[in-house]
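Asks:
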Ligand SMILES: [Ca+2]
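Here it is, written out as structure tokens:
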């Protein structure tokens with residue numbers, strides 16, 4: 561009975577671990593036109609129906625930039641972000657990706673330099689799907705992610721040249737603040753004491 565009660569408290573604490581994603585800034589048209597995002601739990605995904613350059617497209621090169629803020633949630637801290645990307649490319653098609661992570665203070669101002677960064681190039685013959693992990697140089701409760709995609713597909717005659725963004729997904733890893741673990745432990749101990757004395 562006591563074990564079930566403690567397990568319930570731990571599950572309730574775990575259920576509140578959602579990261580909040582906000583302040584999305586996405587550009588630029590026409591490649592970013594029609595963009596959307598979807599966030600579930602600690603994960604955010606972006607969709608770009610018009611992020612394509614190359615043969616028979618409006619542009620043969622262009623950029624898409626994504627910026628958003630993330631908050632780790634009550635009593636949690638973020639220490640890592642995993643990037644999952646997919647791209648379509650043919651002929652000369654190339655997609656250059658970079659991302660920077662910057663800590664934010666309580667007012668949403670950027671503080672210090674980058675606490676993490678990563679980059680990747682999708683080029684002819686490379687795998688169309690890629691994942692990378694950004695380990696933060698320090699644990700933070702609020703941060704800003706800045707992603708940049710440069711799409712290039714200069715025309716070469718008699719071949720299909722295209723570059724497009726497919727999957728853009730990010731998973732933020734959060735862990736309990738050390739102080740919270742202590743408080744949670746003390747809270748459980750207090751509840752158990754109260755339960756015991758009320759019998
Ligand atoms: Ca061509």
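In the working numbering, the protein residues as written are 561 to 759.
We put the CB at the ideal spot given by N, CA and C, even for glycine.
#1: Applying the 10 Å Cβ sphere with the 16-neighbour rule, what's the burial state of residue 734?
#2: At 3 residues or longer, what runs of the beta strand (DSSP E) sit wholly inside the stretch 652-727?
#3: Going by DSSP in three states, residue 750 sits in which element: helix, strand or coil?
#4: Can you list, in chain order, the residues of its chain whose CB lies under 6 Å from that of residue 603, leaving out five sequence neighbours each side?
#5: Would you say residue 617 touches ligand 1, meaning its beta carbon is less than 8 Å from a heavy atom?
#6: Quick one: what does DSSP say residue 633 is sitting in, helix, strand or coil?
#7: Per DSSP, what are the beta-bridge partners of residue 606 in this structure?
#8: Please classify residue 585 as buried or exposed, where buried requires at least 16 neighbouring CB atoms within 10 angstroms.
#9: Let me make sure I understand the geometry here. Which of 635, 724, 703, 597 has the alpha-carbon closest to that of residue 674?
#10: What does DSSP give as the partner residue(s) for residue 763 in the beta ladder?
#11: From the DSSP secondary-structure annotation, give me the bridge partner or partners of residue 580.
Replies: The relevant details are as follows:
#1: buried
#2: 654-664, 670-682, 689-700, 702-712
#3: helix
#4: 731
#5: no
#6: coil
#7: 597, 728
#8: exposed
#9: 703
#10: Absent from the structure is residue 763, since the part of the chain shown begins at 561 and ends at 759.
#11: 631
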